[in-house]
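Counting from 59, one number per residue, gives the positions in the sequence shown under the numbering used here.
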Amino acid sequence: MKSGNWWVETGILTSGNDPSKTLSSAADQFGDEYDPMLFMTGDGHRNPPFQWVDRGVWKGSFKDLVDDDKVCCHVETYSDAVNINCVPSSLVKVFLNGKVFGWEPDFYKILQVIMETALDMLVEASRTSKYSKNDIHFVTKEMYRVHHQGHLIGEGRLAMTFWDIARSYNVQQVSSSSLPGFTDFLKHYQKQAMKLRTLIHPQIAGRIQKRIDEFPDHLHLITCGDAHVKINPLYGYIKPATGTFGVADQSSA
């Protein structure tokens, strides 16, 4: 199925079946002068991702390009967290060439801490019916940092309202009954933080697009969690280089 500049076919990168017929159909629609140069699948949380390149008919398909330093890999992690374990052994040369790029926005580090802290707070409150004032201060301050970066703005403002209430009590352990709605707010924030992962695809795509534009003659392998290809598909925000098209697989590898 053609979708913009992408050919979307469930299972094409994971089934092990010969993809030549499917890719030929794609080429017919894009034109003979177009080659598939972007491949995206929802195996971003596999360890490592890109395992499909070593399966069935795909095995060895990209070896010459890897040897010629013509491959970029885009992984679902932070730029400063990219390491050799982000790719399978057949793509290690891509890492050694400095062309494995993390596309996870840095502010997600803040979100991750918020979500982990909020979960711990909810567990503790279910046991004691109290929240640590220090924890309330920390988590609401971090929520406001996310707000300040232009995300979850309403939630960030509400977080500071809860902090204003909490700090008015001269105690270190604030009872949940003294903060009506705070428990539901923490649960709501966690849900919205998860939704944000697919809502900011223009920002994520921009990080990937930068590298596609920098290396337009390279093969680009893109991995992401399957939600990124099933919900508000990420490929819809990425434009392949002129004369190429992308192949996206909506099934997780």
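Backbone N, C-alpha and C fix where the C-beta goes; we use that ideal spot for every residue, glycine too.
Bridge partner(s) assigned by DSSP for residue i
{"i": "S309", "result": "Note: S309 sits in no beta bridge, so no partner."}
{"i": "L277", "result": "V129"}
{"i": "F196", "result": "None, per the DSSP bridge assignment."}
{"i": "L96", "result": "H278, G304"}
{"i": "S61", "result": "W64"}
{"i": "D101", "result": "G283"}
{"i": "F108", "result": "Answer is none; F108 lacks a bridge partner."}
The alpha helix (DSSP H) enclosing residue i, as first and last residue numbers
{"i": "F220", "result": "211-225"}
{"i": "F88", "result": "78-88"}
{"i": "V150", "result": "150-154"}
Residue i - DSSP class collapsed to helix/strand/coil
{"i": "C144", "result": "helix"}
{"i": "V287", "result": "helix"}
{"i": "L71", "result": "coil"}
{"i": "W116", "result": "helix"}
{"i": "S190", "result": "strand"}
{"i": "D164", "result": "coil"}
Residue i versus the options, residue with shortest Cα-Cα distance
{"i": "P106", "options": "T68, H132, T198, I266", "result": "H132"}
{"i": "Q248", "options": "F88, P77, D178", "result": "D178"}
{"i": "V229", "options": "R203, G214, H195, H259", "result": "H195"}
{"i": "T302", "options": "T72, L81, L292", "result": "L81"}
{"i": "L149", "options": "F165, V124, G160, E134", "result": "V124"}
{"i": "I258", "options": "T241, G239, L292, C282", "result": "L292"}
{"i": "T68", "options": "A85, M98, Y189, I280", "result": "M98"}
{"i": "Q109", "options": "G304, Y295, P298, C282", "result": "C282"}
{"i": "G156", "options": "E272, H246, C130, S309", "result": "C130"}
{"i": "K245", "options": "S236, I266, E213, D222", "result": "E213"}
{"i": "D307", "options": "S61, M59, N63, I70", "result": "I70"}
{"i": "F240", "options": "K297, G294, Y189", "result": "Y189"}
{"i": "A84", "options": "S61, N75, T72", "result": "S61"}
Residue interval of the beta strand (DSSP E) (run including residue i)
{"i": "K245", "result": "It is not in any beta strand (DSSP E) - K245 instead sits in the alpha helix (DSSP H) that spans 240-257."}
{"i": "S233", "result": "231-233"}
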